[in-house]
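Trainee: If you're matching positions, the sequence shown starts at 80 in the numbering used here and goes up one per residue. Where a beta carbon is used, it is the ideal one built from N, C-alpha and C, also for glycine. Okay, here's the structure, questions in a sec.
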Amino acid sequence: MWLKKKDKVLVLAGRDKGKRGEILDRASDEMFIVAKTNLVKRHQKPKQNEKGGIIEKEMPMHQSKLMLVCGKCDSATSPKIQFLKDGEKVRVCRNCGEMIE
Numbered sequence: 080m081w082l083k084k085k086d087k088v089l090v091l092a093g094r095d096k097g098k099r100g101e102i103l104d105r106a107s108d109e110m111f112i113v114a115k116t117n118l119v120k121r122h123q124k125p126k127q128n129e130k131g132g133i134i135e136k137e138m139p140m141h142q143s144k145l146m147l148v149c150g151k152c153d154s155a156t157s158p159k160i161q162f163l164k165d166g167e168k169v170r171v172c173r174n175c176g177e178m179i180e
C-alpha cells in the first residue's frame with residue numbers, strides 16, 4: 080500500500096472526480112477517508128451531548144479511485160518504490176523524480 084494518512088490525493092472517479100483532498104483516516108485495508116469528498120447526509124437523533132438533525136460526513140473511498148499528488152511538481156502520480164542504501168523503502172514521483180514524504 081503506497082497511500083498513507085495526511086497524503087494529498089486526487090479523486091479519479093465518482094461524483095467528486097477531479098477534486099483534491101487530504102487523507103484523514105484509513106477505514107480498512109483498501110478504503111480511505113478523504114477530506115471534503117464523498118460527502119453523504121445522515122439523519123442523526125439528538126443525544127445528550129450532540130445536537131440532532133441532518134449532518135454531512137465523509138464516507139470511505141476505495142484506493143483505486145485515488146491517486147497520490149506529488150508535493151514538489153503538484154501533479155498526480157503513481158509512485159515508484161525504491162530502496163535507499165540503508166535498506167529503507169521510499170516513494171518516488173514518476174514525473175519529477177523527487178522523494179515523496
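1. When the Cα atoms are used, what is the spatial distance from M140 to D108?
2. Ignore the nearest five residues each way along the sequence and tell me which others in K120's own chain have a CB closer than 6 Å to its CB.
3. So what's K144 in DSSP terms, helix, strand or just coil?
4. Under three-state DSSP, which class holds M178?
5. Between T156 and R173, what straight-line distance do the alpha-carbon atoms span, to the nearest angstrom?
6. Please state whether the Cβ-Cβ distance between W81 and L147 is less than 8 Å.
7. Label N117 either buried or exposed according to how many other C-beta atoms from any shown protein chain fall within 10 Å of its C-beta, with 16 as the threshold for buried.
8. Please state if the CB of V113 and the CB of E137 are separated by a distance shorter than 8 Å.
Mentor: The relevant details are as follows:
1. 11 Å
2. I133, E135
3. helix
4. strand
5. 6 Å
6. yes
7. buried
8. yes
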